[in-house]
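I have placed the structure first, in the form of C-alpha cells, so that the comments after it can refer back to it.
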Amino acid sequence: MALDVLYFAWVRERIGLPKERIETGAGDVRGLIEQLVAREERYAAAFADLSAIRVAVDQELSELDSPIAGAREVAFFPPMTGG
Amino acid sequence: MAEIRVQKAPFAYGQEADLFAEGADGAGAIVTFAGIVRPDGGLSAMEIEHYPGMTERALSAIAEEAETRWQLSGALVIHRFGRLAPGEKIMMVATAAAHRRAAFEAADFLMDYLKSRAPFWKKELRQEGADWVEAKASDEDALSRW
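As given, the protein sequences belong to chains R and E, one line each in that order. FYI, the numbering for the first sequence is 1 to 83, going by my numbering. FYI, the numbering for the second sequence is 1 to 146, going by my numbering.
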C-alpha cells in the first residue's frame, strides 16, 4: 500500500522535505514511524521524542496506535500553535 | 453556517466586523477578537505554516461545534499564514448570538480550540535566528474548561 506522508514545521525541517510517497505494510501510525526511523538518521532525529509528535490520518487528528489501512495521507507535526 | 477563511493576505478588521454584524440578522450580541503579532523585543517577523485542507476542516468543525453549543446565529474565523510583521493581525473570530454571554463564551471557546487543534505552527524570526513557538501546557489545559 502506498500513501502520502506529509511533514510540517520542525518535523519537515529535520526530515528535509514536506511530502513523500511511501510504500508501507504498516498497520498503524507507530508501525509507519518505525519504518521511517529505520531508513535514515534524519528520520530518527525527527521522531526521537514521540511525545512531541502529533499525527493526522486523512486530515483527522489521530493517535500513534490509529490504523492506517486504506488511508490516503498521514501527516506528522509538532503540537499546534495557532491563534 | 460558519464562515472560515484561511489566507495569506491581510484583512481589514473593522470592515470584517461591520460586514459580520450586518449579516447577523436577529442577533442581540456580537463579539469580535483579533490576535496580533506581539512586537516583542527583537522580533523581526512571524512565519506561520499550516496544513492546507486539514486547516479548513478543523476550523469548520470547531466553529460548527460552537454554533450548536451556543446557538449562534453566525460565526466567522479568519486566520492568516505566511510572513507577518510585528503589529500585523494574525487572525480574528466573530460570534453572533441572542445574548452577550453566549457570544463571549463561544468566541473564547473558538480561540482555545483553534490555538491547539487547528494545524498552524508559528516561527519567530529574529536577527539571531529563528525559533518555532512551543505549545504551552496552559493552552492544552484551557481545553478542559469546555
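Glycine included, C-beta positions come from ideal geometry on N, C-alpha and C. Remember, it's a predicted structure, so these values are computed and weren't measured experimentally.
Look at the alpha carbon of Glu67 of chain E and the alpha carbon of Val77 of chain E, and state the distance between them as a whole number of angstroms.
12 Å
Does any residue of chain E have a CB that is nearer than 9 Å to the CB of Thr81 of chain R?
yes
Taking only beta-carbon atoms, is Val133 of chain E less than 9 Å away from chain R?
yes
Partners in chain E for Phe77 of chain R, counting only beta-carbon separations shorter than 8 Å:
Tyr51, Pro119 and Trp121
If you measure from the beta carbon of Glu20 of chain R to each beta carbon in chain E, is any gap under 9 Å?
no
Cβ closer than 8 Å: which chain E residues qualify as neighbours of Ala56 of chain R?
Tyr51, Met54 and Pro119
Residues that Ala9 of chain R contacts on chain E, provided the C-beta gap is smaller than 7 Å:
Glu49, Trp121 and Trp132
Which residue marks the beginning of the alpha helix (DSSP H) containing Arg12 of chain R, and which one marks its end?
Ala9 to Ile15
Have a look at Glu40 of chain R and Ala71 of chain R and give me their C-alpha separation to the nearest angstrom.
24 Å
Three-state secondary structure (DSSP) at Ile30 of chain E?
strand
So, does the CB of Leu6 of chain R fall closer than 9 Å to a CB anywhere in chain E?
yes
Closer than 8 Å by C-beta to Pro52 of chain E: which residues in its own chain qualify, once you throw out the five before and the five after it? Chain order, please.
Val6
Pull up the distance between the alpha-carbon of Ala96 of chain E and that of Arg14 of chain R, whole angstroms please.
43 Å
Does the contact criterion of 3 or more C-beta pairs under 8 Å hold for the segment 5 to 23 of chain E versus the segment 20 to 35 of chain R?
no
What residue does the alpha helix (DSSP H) around Asp112 of chain E start on, and which one ends it?
Arg100 to Arg117
Show which residues of chain R have a CB atom less than 9 Å away from the CB atom of Met91 of chain E.
Gly82 and Gly83
Identify the residues that DSSP records as bridge partners of Pro67 of chain R: which are they?
R:Asp28
Could you give the DSSP three-state label for Thr68 of chain E: helix, strand or coil?
helix
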